[in-house]
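Visitor: Numbering (our numbering), first residue to last: 12 to 241.
The C-beta atom is built at its ideal place from N, Cα and C for all residues, glycine as well.
The structure presented is a predicted model; accordingly, all values stated were derived computationally and were not measured.
Just dropping this structure here.
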C-alpha cells in the first residue's frame, strides 16, 4: 500500500480506553489526526489523553483533538450512537479502527456454560443467544465496519481506511480459551474476505495480529511463561 497521510484526518477507535488501542490513539493524535475514543470507560492514562487533547486545546495541538464516547459494543444501538456522534463531531470520518476485544473472561467462557456455571453471565434463555466474547470480538467490529463501508460508498471523495486489531490467536488454537481464538479467526477471515475493497471501491482494509502484550489489565504477577500458556 502507498503511504497514507493522516494529518488532518478524523478517526474512530474502539477499545481506546486502555492498552494498545489507547497507544494507537495517542499516535494518531500526535500525527495530527483527531480521534473519537469509544470504550465502556477510560483508564486514568486515557482520561489524561482526552484532557490533554481536548477540543478547547486543539489550537495548542496542531488542530487535532480527542473526544470520548462511552460505548458498550454489545449493544447495537450504542454502536449507532457512536457513529452518529462521529458524524456530528467531525466533518467526515476517514479512519475506523476496530480495536476493542476480550480475552474470553470467565463470565463468557466456553468452559462456564450459561445456566450451569455460577460464573457465567451470558443469558441461557435469551431469544437471541449470544456470548459476550463473540459480541465484542467479532459481531461488533463487523457491524461497525458495515456502517463505515456503507458511509464511504456514499461518500466516494473520502478515502476510507478500515483497520482491524485481530490477533495471532486467529492463526493458532487453544483448548483453554477456544471462543477467543475462534472469535479472532473469524475476524481474520472477514478481513481476507474484504481483501478486494481497495481495488474495487478504493477503501483501504487491513488487520494487524499482535501476540500477547503487557497492558494494564494483565496482572503484575503474570510473567512471560504464563503469557505463553495463554
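Under 7 angstroms between C-beta atoms, does residue 212 make it to chain B?
Guide: Judged by its chain identifiers, the structure shown contains no chain B, having just a single protein chain.
Visitor: Within 10 angstroms of its Cβ, does residue 283 collect 16 or more other Cβ (buried), or is it exposed?
Guide: Here the chain comprises residues numbered 12 to 241, so residue 283 is not present and cannot be evaluated.
Visitor: Assuming residue 173 and residue 156 make a contact with CB atoms under 8 angstroms, what is their CB distance in whole Å?
Guide: Sure, about 6 angstroms apart at Cβ, within 8 angstroms.
Visitor: To the nearest angstrom, how far is it from the Cα of residue 105 to the Cα of residue 129?
Guide: Cα to Cα, the separation comes out at about 44 angstroms.
Visitor: Please say whether residue 32 and residue 23 have beta carbons closer to each other than 7 angstroms?
Guide: Contact flag unset, no.
Visitor: Quick check: what's the CA-CA separation for residue 191 versus residue 99?
Guide: Whole-angstrom Cα-Cα distance: 34 angstroms.
Visitor: Relative to the alpha-carbon of residue 179, which residue among 169, 140 and 194 has its alpha-carbon at the smallest distance?
Guide: Closest option to residue 179, Cα to Cα, is 194.
Visitor: Considering only the alpha carbon of each residue, which of 118, 177 and 212 lies closest to residue 164?
Guide: Nearest C-alpha to residue 164: 212.
Visitor: CB-CB under 6 angstroms to residue 132, same chain, minus the five flanking residues each way: which ones, in chain order?
Guide: Around residue 132: 118.
Visitor: Just reading off the beta strand (DSSP E) that residue 50 is part of, what are its end residues?
Guide: Per DSSP, residue 50 belongs to the beta strand (DSSP E) from 45-50.
Visitor: Could you tell me which residues DSSP pairs with residue 173 in its beta bridges?
Guide: Note: residue 173 sits in a beta bridge opposite 107 and 216.
Visitor: Would you mind sorting residue 62 into buried or exposed? The rule is 16 or more other CB atoms within 10 Å of its CB.
Guide: The residue in question, residue 62, is exposed, as its Cβ has fewer than 16 Cβ neighbours within 10 Å.
Visitor: According to DSSP, simplified to helix, strand and coil, what is residue 101?
Guide: Coil.
Visitor: Going by DSSP in three states, residue 29 sits in which element: helix, strand or coil?
Guide: Correct three-state label for residue 29: coil.
Visitor: According to DSSP, residue 160 sits in a beta bridge with which residue or residues?
Guide: None, per the DSSP bridge assignment.
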